[in-house]
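Using our numbering, read the sequence shown as starting at 9 and increasing by one per residue.
To start, the structure itself, in C-alpha cells.
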Amino acid sequence: MEYVKQEKTPAERHPFVDLPKMDDDRATLILSREKHSFIIMNRYPYNAGHLLILPYREVPDLEDLSDEELLCFTKTTLKAKRLLQKALKPNGFNIGINLGEAAGAGIPKHLHQHVVPRWSGDTNFMPVLGSTRVLPQSLEAMWDHLKSLLNSEE
C-alpha cells in the first residue's frame, strides 16, 4: 500500500515527454522519431510487436493537435503498421486510441495510439484466465529486429 501512496516523480507522471529527450533509443524502446511524433514499443504489450505512436507535445485529445501534428501522427501510425506487417506478417491489426481514464487510457494526459499486430487464434487461456501474456522474444530482441528493418528502408 505504501507504494501506491508514494508521490510519483516527474518522469513517472510524464514518461512520454521525458523518454524522447534521452539519447539511448534502445533503452527507451523508441524505434522512430518523426517531426511531430514518435514510435515506441509498449513495455507492457498486449501482443508481440505492440507499438505506441505519440506526439512529442503532451496533449490529451486528437482535437488538441495542430493540423500538421495530426498529419504526422497519422503518417507515423501508418509507418508503424507497415513495419509490423513486414516484420511479423500478422493476420490483422488493432489500431486505436483510449481517450480518458474511463476509456482505459493509462496515461490520459498524453495522447497515444496503439498499433497491435494480431494473428488468428492469438488469444489463448494464459491472458484470458491468468492475466498473463507469453511473448516469443524479449522486448530488446524485438526492438533490434524492427530497428534493423527500419534502417534498411532509410
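A virtual CB, placed ideally from N, CA and C, is assigned to each residue, including glycine.
Since we're looking at a predicted model, the values are computed, not measured.
| What does a CB cutoff of less than 6 Å around threonine 36 pick up in its chain, not counting 5 residues either side in sequence? | Leu27, Met30, listed in sequence order.
| query | How would you call asparagine 99, buried or exposed, if buried means at least 16 neighbouring beta carbons within 10 angstroms? | reply | Burial call: exposed.
| For tyrosine 54 versus valine 124, is the C-beta spacing smaller than 8 Å? | Against a cut-off of 8 Å, the Cβ pair of valine 124 and tyrosine 54 comes out as a contact.
| Buried/exposed call for lysine 97, threshold 16 Cβ in 10 Å | Per the 10 Å Cβ criterion, exposed.
| task | Look at the alpha carbon of glycine 49 and the alpha carbon of histidine 120, and state the distance between them as a whole number of angstroms. | result | Residue identity differs from the one stated: residue 49 is methionine in this sequence, not glycine. If I take the Cα positions, the gap works out to 12 Å.
| request: Measure how close the beta-carbons of isoleucine 61 and threonine 84 come, nearest whole angstrom, since I'm counting them as under 8 Å. | output: Going by Cβ atoms, the distance from isoleucine 61 to threonine 84 rounds to 5 Å, so yes, they are a contact pair.
| field | Identity of the residues DSSP links to glutamine 121 by a beta bridge | value | DSSP lists Ile61, Ile105 as partners of glutamine 121.
| task | Can you have a look at serine 40 and say buried or exposed, based on whether 16 or more other CB atoms are within 10 angstroms of its CB? | result | Within 10 angstroms of the beta-carbon of serine 40 lie 16 or more other beta-carbons, which makes it buried.
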